[in-house]
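Structure record follows, encoded as structure tokens.
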Amino acid sequence: MEPQNWLPLLLQLGLMWPPRAQPEPQLTIFVVPHSHMDVGWLHTVQENMQAYVTSVYNSVVEELTLEKKRRFIAVEQEYFRLWWDGVASDRQKGQVHQLVAEGRLEFVLGGQVMHDEAVTHIDDQILQLTEGHGFLYETFGVRPQISWQVDPFGASSTTPTLFALAGFNAHVISRIDYNLKEAMQDNRQLQFVWRGSRSLSAQREIFTHVLDQFGYCSAGPPNAPLSLSEGFNWDGEAIFPGTSLEDMYLQMQTPVTEDSITNFTILLVNNVFTRATWFRTPHVLWPWGCDRQFFNASLQFANMDILMDYINSHTLEFNLSMEYATLGDYFRAVHSDQVAWQVRDHRDFLPYSSDMHHAWTGFYASRSGLKALARRASSLLYAGESMFTRYVLLAPHPYLDLAWGLQQLQQLRWAVSEVQHHDAITGTHVPNVGDMFVEHLSTGMQGVHKLMASIIQDRSPAHSGPEPGGHFAVVYNPLAWTVTTIITLTVEFPKVSITDESGLPVPAQAQRSKEMPSAYDLHVLTTIPGLSYRHYSIRPSRSSQEETGEPEPFVAITTQFGGRLRRYGGQVGGSLVPVENGCYIVFMDLDTNLMHSVWERQSNRKVYMTQQFMEYHANSDVWQGPVSDNYVFTPSGTAEPAWEAVRMEIVEGPLVTEIQQYFYREVNDSEPTFTIYSRLARGSQGSDGVLLCHHIEQEYRVGPLELNREAILRTSTKLNTGRVLYSDNNGYQMQRRPYRNYKNNTIARNYYPMVQSAFIQDRRSRLVLLSNQAHGVSSQRNGQVEVMLHRRLMNNNPGNIAVDLTLNDTSVVHPVFWLLLGSRALISGLRQRSGLALQHRPIVMLRKMNEITPRGSGSRQQEAVTLPPSVHLQILSIPGWKYSSNHTEHLQTLQKGHEAKADLRRVLLRLQHLYEVDQDPVLSRPVTVNLQSVLRGLGSVVSVEERSLTGTWDVSEMRRWTWSSQDPHGHRGNSSRPSPPPGGPEVTIYPKEIRTFFIHFQE
């Protein structure tokens, strides 16, 4: 086509500049080829591998090798590793090494998955990044430097901090509130410098790019015909079992030919100029790809090559050029422009609404049972890692194959990483994919339980021989502080004698088990130093206490209270029954069988507080309006009480008193739909026992629900909170959540994720809720906080029905909460440590006394590992990586093709300062730790190397890009950090810092 023939086309595009306008700088379009590959959503990992993932990597590697100008970004390492280990030929591996070395195949993000940011815990985010980064560095010697978090449903401000610590130079997100994205587009504010933590210095900031309204798919304008709005996809639909070939070919787009090239050019150039107006530099990021694309990369590149060559041959007419690019190419161009960027503070982008009717806040509570299992697995892995590390470093281990032990941990690391995917722990997947996640987690947990059982085999106390009915209990504290707590064992009868490793009797209490009515729960008060064991022997009492003089556990006394109907008004609070420990008196109202108030002894303040289960009713008919589903929460109205009668029992003992409340949906129901077990513990009043005393533990049982119900527990107080809620980002930092009024969907848009904690407060008191799993949380009224615990939904949305994306969850869930109430100063100091004490309870392992172990060597004393109270041992593990810590050495080993051995003397240690810079007068101070001294209980420290968050960089060699900003020094916290002497054992940790080390121990 001659140049003058472009004139009508330019007019059609509306791209002619007005008279006397300054000529715009030429645009450079960075076409970034990618395939969005969900690690479980509508299909299992194995189904995806067979249907398209294998073909993506086979064909992309082939096409990049054929043509030097082509590029591709690879994201989810779970799929790449499965392809690399199980499919790729030696020839393909050689090609990949070459492509990576030349920067034409770029690994971005680099975690096992693209993790969710709303309901995942920071520890698990770090784990899945570490898993992926370790593989990439070990295999290729590369370290991802750009993120690609383009599909998670909202963005957390924890993420920029983590990615900065991992050495990233830029961060890409997409799903933020629709009206905010619109405003940011109009004001050209989609790119900014994000300082995710208010306590950390500007060195932990990261340049952030929000994808525009077209998202991560190469789409045409929203009102374009279907074939165009789906973008530039020439390889059709992936073939899954049940997909017909007709379906595949129907989805294939018209190829680029002489006849179609004008239409494709109009669409692409129009799209590019629309995008360009939203950004401040003449560089346009144009993601090319979408879900499950590039499984036929030959067709994709063949068509796009023609189109790009055609446009590039008319660069002057269009005032733009196009090139295949990686994200690194794009951000290097943006960085070179030296623009002064706007700074964003530590606020997050949650919750996320895609439009005024769809608030994506339902997934905070979808598949509650999977959320609980994922966190249990994470906690078990945390304990297993440090147990194995202690064992490897300290014990002669003739009976345990260390390679097998490492394999058990690696299997659970993989499963816990996998479930952090943004369609996994979120509950936004089809049921058979959920079954896959559960199977992988359960199998991994079984392996680690076996490993733990092997480790403790030779830790059993010496004894004279088998004793029928007797048990040994080995209890391990995985936290690096001394913990005083109550552990619970299940025994067959209440008359037992329980002694510790010295043969001394131990305080205990027995009560009938709620799980097995024929058995008993044995509550045992224990104090365990950090990373240490306690051993207990539980034997049946052969004769009465009077004859032997041996103390037996106190058998708790149960008091039953009659059922009460739900009150619609009238007298309440006329008759109160107190339940108390050293910190609280909980008053129960016998007129209602509900909580009435809590008196907190230290502040000498009584707070009126009541709790009840309520439900939001959901519309099930899409033709009647928006519906709730796995993702979105769209209630039909305000929450309604979900019970008509409540029965109460109080089980009282010297160690624990438990209030049992049973809520019945209908007066004549035989089984309760909801239950609250509230427990107050009594223990030592010393510093180790303060966490035990200062919480009310509540275990809820919720379900099965009726269809189209979303169940909450609402706690109503007389605190004057102004409807301001605080909830956490990923268990790392708190966000202030004032109640906001919206034209539509106000209830749902005031829901927030609660990964570990939330609180409300007035000037005198703070009420904290701590949870052992993720939930949705909201404050709809002054003095109220409500937590969404469970959802069961079914609707007639044809798209959801077609793929079985439903939430007909008939399960019973058992979430556990700790309630902390007291003065703001007191509770502020206790919240973080209490959250960790709930998350990482001691591991209890039981073995029958009639199992004779020939290798028992008695319980050996091990020196405790104890950190200061404001510092948390985030991980202590033996990763088993094969790479050298010296980057040059590692690259030389890769070039020679040598297979290195796993280093079992290299320990990964990560420490986290728990407090914000101004949170507590004492606990917020910087802390200096001598690692040699703290870790002497594990062995003799030879060297200490400080590493990046995921371990792949020596921090002294990590050079992140600096970005010019409009607020270069406007940050709180300490910016002047004295760098520690290289390899020295003394480490100073500042508020909210996370520091990662390789510790090498002497053989």
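Read left to right, the sequence shown gives residues 0 to 1002 (numbering that gives the first Met the number 0). Glycine included, each C-beta is placed from N, C-alpha and C at the ideal position.
Helix, strand or coil at residue i [DSSP, three-state]
i     : result
I537  : strand
Q190  : strand
W1003 : This structure does not reach residue 1003, given that the chain is present from 0 up to 1002, and the question cannot be answered.
W82   : helix
Y731  : coil
I877  : coil
R780  : coil
E204  : strand
F996  : strand
K1014 : Residue 1014 lies beyond the range of the chain shown here (0 to 1002); nothing can be said about it.
Cβ neighbours of residue i in the same chain (closer than 7 Å, five flanking residues each side left out)
i     : result
N232  : Q252, C289, Q292
F1019 : The shown model of the chain, from 0 to 1002, leaves out residue 1019, and the question about it has no answer.
E862  : R935, G936
Y329  : F29, V31, H282, L284
H999  : R904, R905, V941, S942
V271  : L26, I28, V283, W285, L319
S833  : L690, H694, L769, W817, L819
Cβ-based burial, residue i [other Cβ within 10 Å; buried from 16]
i     : result
N740  : exposed
T558  : exposed
S669  : exposed
P752  : buried
N667  : exposed
V941  : exposed
A824  : exposed
S501  : exposed
N186  : exposed
M515  : exposed
W622  : exposed
I800  : exposed
D89   : exposed
Q1064 : Nothing about residue 1064 can be reported from this structure: the residues present for the chain run from 0 to 1002 only.
Distance CB(residue i)-CB(residue j) smaller than 7 Å
i     : j    : result
Q127  : S385 : no
V1021 : V576 : Examination of residue 1021 is not possible in this model, given that the chain is present from 0 through 1002 alone.
D803  : V429 : yes
G702  : V776 : no
V490  : P286 : no
P504  : P550 : yes
I205  : P159 : yes
L704  : H789 : yes
T720  : R700 : no
D344  : R511 : no
T987  : R946 : no
I424  : D115 : yes
W960  : H313 : no
V786  : L845 : no
G383  : L401 : no
I695  : S677 : yes
Close Cβ partners of residue i (< 6 Å) along its chain, the five nearest in sequence each way excluded
i    : result
E992 : H912
S259 : T253
G682 : T483, L524, G688, L691
T487 : D520, H522
F162 : S146, H170, I205
G828 : D919, L922
N749 : Y738, S777
Proximity test, residue i beta-carbon vs the ligand PLP heavy atom, cut-off 6 Å
i    : result
D620 : The ligand PLP is not among the ligands present in this structure, which contains no ligands whatsoever.
Own chain, CB closer than 8 Å to residue i, minus 5 neighbours either side, in chain order
i    : result
V645 : G562, R563, R565, T591, N592, L593, Q660, Y661, F662, Y663
contact_flag[the segment 332 to 351, the segment 183 to 197] where n(CB pairs < 8 Å) is 3 or more: yes
Segment contact, 8 Å Cβ cut-off, at least three pairs: the segment 920 to 929 with the segment 894 to 901: no
contact_flag[the segment 98 to 113, the segment 346 to 363] where n(CB pairs < 8 Å) is 3 or more: no
Segment contact flag, the segment 302 to 316 with the segment 930 to 941, C-beta cutoff 8 Å, min 3 pairs: no
Contact the segment 272 to 284 vs the segment 206 to 220: 3+ CB pairs below 8 Å: yes
Stretch pair the segment 889 to 898 + the segment 372 to 383: three plus CB contacts closer than 8 Å: no
The segment 138 to 146 touching the segment 361 to 377, judged by at least three CB pairs closer than 8 Å: no
Inter-stretch contact at 8 Å, needing at least 3 Cβ pairs: the segment 722 to 736 / the segment 754 to 767: yes
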